[in-house]
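Which chain is which? The protein sequence lines are Y and P, in order.
If you want our numbering, it's the position in the first sequence, counting the first as 1, plus 2.
If you want our numbering, it's the position in the second sequence, counting the first as 1, plus 2.
Glycine included, every Cβ here is placed at the ideal spot set by N, Cα and C.
There are 2 protein chains.
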Amino acid sequence: MNNPDCVTLDTIRDAAARIAPHAHITPVLQSRSLDELTGARLYFKCENLQRVGAFKFRGACNAVWSLDESMAAAGVVTHSSGNHGAALALAAKTRGIPAHVVVPEGANRSKVAAIQANGATLHYCAPTIAAREATAESVRRDTGAELVHPYTDVRVIAGQGTAALELMHQSGGLDILVTPVGGGGLVSGCAIAARGLDPAVTVYAAEPEGAPDAYESFRRGERFTAITPDTIADGLRGTIGEINFAIMRQHVRDVLPVSDAQIIAAMRLAWERLKQVIEPSSATVLAAVLRYPDRFAGKRVGLVLTGGNVDPDALPWMTPRAG
Amino acid sequence: MNNPDCVTLDTIRDAAARIAPHAHITPVLQSRSLDELTGARLYFKCENLQRVGAFKFRGACNAVWSLDESMAAAGVVTHSSGNHGAALALAAKTRGIPAHVVVPEGANRSKVAAIQANGATLHYCAPTIAAREATAESVRRDTGAELVHPYTDVRVIAGQGTAALELMHQSGGLDILVTPVGGGGLVSGCAIAARGLDPAVTVYAAEPEGAPDAYESFRRGERFTAITPDTIADGLRGTIGEINFAIMRQHVRDVLPVSDAQIIAAMRLAWERLKQVIEPSSATVLAAVLRYPDRFAGKRVGLVLTGGNVDPDALPWMTPRAG
Numbered sequence: 003m004n005n006p007d008c009v010t011l012d013t014i015r016d017a018a019a020r021i022a023p024h025a026h027i028t029p030v031l032q033s034r035s036l037d038e039l040t041g042a043r044l045y046f047k048c049e050n051l052q053r054v055g056a057f058k059f060r061g062a063c064n065a066v067w068s069l070d071e072s073m074a075a076a077g078v079v080t081h082s083s084g085n086h087g088a089a090l091a092l093a094a095k096t097r098g099i100p101a102h103v104v105v106p107e108g109a110n111r112s113k114v115a116a117i118q119a120n121g122a123t124l125h126y127c128a129p130t131i132a133a134r135e136a137t138a139e140s141v142r143r144d145t146g147a148e149l150v151h152p153y154t155d156v157r158v159i160a161g162q163g164t165a166a167l168e169l170m171h172q173s174g175g176l177d178i179l180v181t182p183v184g185g186g187g188l189v190s191g192c193a194i195a196a197r198g199l200d201p202a203v204t205v206y207a208a209e210p211e212g213a214p215d216a217y218e219s220f221r222r223g224e225r226f227t228a229i230t231p232d233t234i235a236d237g238l239r240g241t242i243g244e245i246n247f248a249i250m251r252q253h254v255r256d257v258l259p260v261s262d263a264q265i266i267a268a269m270r271l272a273w274e275r276l277k278q279v280i281e282p283s284s285a286t287v288l289a290a291v292l293r294y295p296d297r298f299a300g301k302r303v304g305l306v307l308t309g310g311n312v313d314p315d316a317l318p319w320m321t322p323r324a325g
Numbered sequence: 003m004n005n006p007d008c009v010t011l012d013t014i015r016d017a018a019a020r021i022a023p024h025a026h027i028t029p030v031l032q033s034r035s036l037d038e039l040t041g042a043r044l045y046f047k048c049e050n051l052q053r054v055g056a057f058k059f060r061g062a063c064n065a066v067w068s069l070d071e072s073m074a075a076a077g078v079v080t081h082s083s084g085n086h087g088a089a090l091a092l093a094a095k096t097r098g099i100p101a102h103v104v105v106p107e108g109a110n111r112s113k114v115a116a117i118q119a120n121g122a123t124l125h126y127c128a129p130t131i132a133a134r135e136a137t138a139e140s141v142r143r144d145t146g147a148e149l150v151h152p153y154t155d156v157r158v159i160a161g162q163g164t165a166a167l168e169l170m171h172q173s174g175g176l177d178i179l180v181t182p183v184g185g186g187g188l189v190s191g192c193a194i195a196a197r198g199l200d201p202a203v204t205v206y207a208a209e210p211e212g213a214p215d216a217y218e219s220f221r222r223g224e225r226f227t228a229i230t231p232d233t234i235a236d237g238l239r240g241t242i243g244e245i246n247f248a249i250m251r252q253h254v255r256d257v258l259p260v261s262d263a264q265i266i267a268a269m270r271l272a273w274e275r276l277k278q279v280i281e282p283s284s285a286t287v288l289a290a291v292l293r294y295p296d297r298f299a300g301k302r303v304g305l306v307l308t309g310g311n312v313d314p315d316a317l318p319w320m321t322p323r324a325g
């Protein structure tokens, strides 16, 4: 596996400098009414306002701009039909190099359209993890493109950590940081950044009850991946990575499970109180603060709203009107 | 009527200083994809992120904090069951004075709840304009409270103008400013602010086709109010005020009508590209840029997104799911 020691506050600072010409410094929102509701002081990092609508652009951009000239010329490849695919496509476009994205047949059309809109070459494969990895590997061999894994790549982890770097500065300091956990790219990078800046920061990962691999891994003290995800939070169905779990054991206090119903309620609250469109995955962090109030009461809490790519016709509590 | 000359760049600057301790300086968002779509450079002023979720807090706050001590002690009164009512209630709360809000029977429950949550005293009346005005007048006589009209009050107009003051600075200068028009409080204040800072700025007002009183007034060259509003943009059903029309004739180039279908399409676009929850009223400005592209192509265009108070169960293109 990649070496967890390769990600440090310094590599995250380097990533921040590298992506600065391309990525947004996203705003941080506060809400008096949510502070009253939770008894905490909440700082929402709006990665739904990041390019491609998700924090994933940070890691992809850092990976793409970390390549030396000759490697870059051959382009990049990944297997992700979600935000990472679109993010890598756009990151490659900012450098003018090819991107290859392996997409399982039957993948969400609007997400595939977003990848294509950013100029990536699509490679379809059967909808299994084995087929995706095999196809990515064969593209890599044929083209010489560099594989950029969505969450185990140390360049990606460092890039994602830049979100916490910004948030720590923008908020003026935090007691607690909460991010969602899927594969663990975000939480591991952000934990290193936040605790690198201030070792007193407590980091929690919020996870859907229906995809509890990080929770189970924490409970057992070893990486556990034998679960079949069943959650509305489509961005968090990935399996916790080895390097990510290793970093989490060092830097993350606990994994906080939340139910899909709690996720949906938190999405509505973000709508009403923050006026932000956020994905179900993003809503896990607010759901966790609401479910485990004792951990947060009286604290300054940073929450990363990871993305806003929700189909306007697919709000979980509504159905499109006929006609 | 109030004297339109009472609102100047200076009174708007005074308003900005007066409300600074209470109101947010709201962020300005940009979107590469909306710029590409429109061929313009768009700067979205996010008043949906203002307190109470709408720009109305600016004017209400300026009015409340303009009162001298003895007047303030008797409180304020208005007849508005919408955002102005909630805004005046909150503004009064920031000063610790009473607020009275006249609410027609049958008014939207969630809006009434927002007014009540901010501690205002509700006075119910029959759902006619005559009844609302008579009730407000009787409250004023009984309590000595100062009447704060939602859009003809010069203190309110100056307060609304602070949104344009901020936007001009945040954007680094504009060729065009577009705001919605209902009663005209926002567009008149913003036009004075923007053109006070830079007389070369062109100001447009976007108006629903189903509530075309400002459009008809412009076309006829005199204030025309004999229309029955029928539009999804509930914030823009009010009738253009006299002082507001007088200011518009001086400072607004034209009124741009948009259909409800165009408003809904623009709401969806704001959702997808800006990740912002905005009211139908707010969406008129983006709808206008899309409908009249020749006026905006190649220009730096400021758009005021006026508010974000949309019931999550009442999106115009969806219906709540059963159960």
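Closer than 7 Å at the beta carbon, the chain Y residues around residue i
i        : result
P/Arg323 : Trp319, Met320 and Thr321
P/Gly310 : Lys277
Partners in chain P for residue i, counting only beta-carbon separations shorter than 9 Å
i        : result
Y/Arg43  : Neighbours of Y/Arg43 on chain P: none; closest Cβ ~16 Å, over 9 Å.
Y/Pro182 : Those within 9 Å of Y/Pro182 in chain P number zero; the least Cβ separation is about 17 Å.
Below-8 Å beta-carbon distance, residue i vs any chain P residue
i        : result
Y/Gln278 : yes
Y/Pro152 : no
Y/Pro314 : yes
Residue-level contact to chain Y via CB, residue i, 8 Å cutoff
i       : result
P/Gly77 : no
P/Pro23 : no
CB of residue i within 8 Å of CB of residue j, strictly
i        : j        : result
Y/Thr137 : Y/Val103 : no
P/Val303 : P/Leu44  : yes
P/Val180 : P/Tyr153 : no
Y/Pro282 : P/Glu274 : no
Y/Ala91  : Y/Gly121 : yes
Y/Asn246 : Y/Gly187 : yes
P/Ile99  : P/Cys63  : no
Y/Ala289 : Y/Ala166 : no
Y/Arg143 : Y/Pro106 : no
P/Leu11  : P/Ile178 : no
Y/Leu307 : Y/Gln264 : no
P/Arg293 : Y/Met320 : no
Y/Val189 : Y/Met269 : no
Y/Pro295 : Y/Thr40  : yes
Y/Thr286 : Y/Ala235 : yes
Y/Thr204 : Y/Thr227 : no
Y/Ala42  : Y/Val291 : yes
P/Val150 : P/Ala65  : yes
Y/Gly237 : Y/Gly87  : no
Y/Arg60  : Y/Gly161 : yes
P/Ala56  : P/Val78  : no
Where residue i meets chain P, residues with beta-carbon distance less than 8 Å
i        : result
Y/Leu31  : Leu51
Y/Pro214 : The premise fails here: Y/Pro214 is roughly 26 Å from chain P at the closest Cβ pair, so nothing lies under 8 Å.
Residue i: contacting residues in chain Y (beta-carbon distance under 9 Å)
i        : result
P/Pro100 : The contacting residues do not exist; P/Pro100 stays about 21 Å from chain Y at best.
Under 7 Å by beta carbon: chain P residues contacting residue i
i        : result
Y/Pro231 : Within 7 Å Cβ-Cβ: nothing; Y/Pro231 doesn't reach chain P, min ~23 Å.
**Segment contact, 8 Å Cβ cut-off, at least three pairs: the stretch 196-205 of chain P with the stretch 162-174 of chain P** = Yes, the stretch 196-205 of chain P is in contact with the stretch 162-174 of chain P.
**Message:** If the cut-off is 7 Å on Cβ atoms, which residues from the stretch 265-297 of chain P count as contacting chain Y, listed in chain order?
**Reply:** The residues in question are Arg270, Trp273, Glu274, Lys277, Gln278 and Val279.
**Request:** Mind checking the stretch 46-70 of chain P against chain Y and listing, in chain order, the residues whose C-beta falls within less than 7 Å of any C-beta there?
**Result:** Correct list: Asn50, Leu51 and Gly55.
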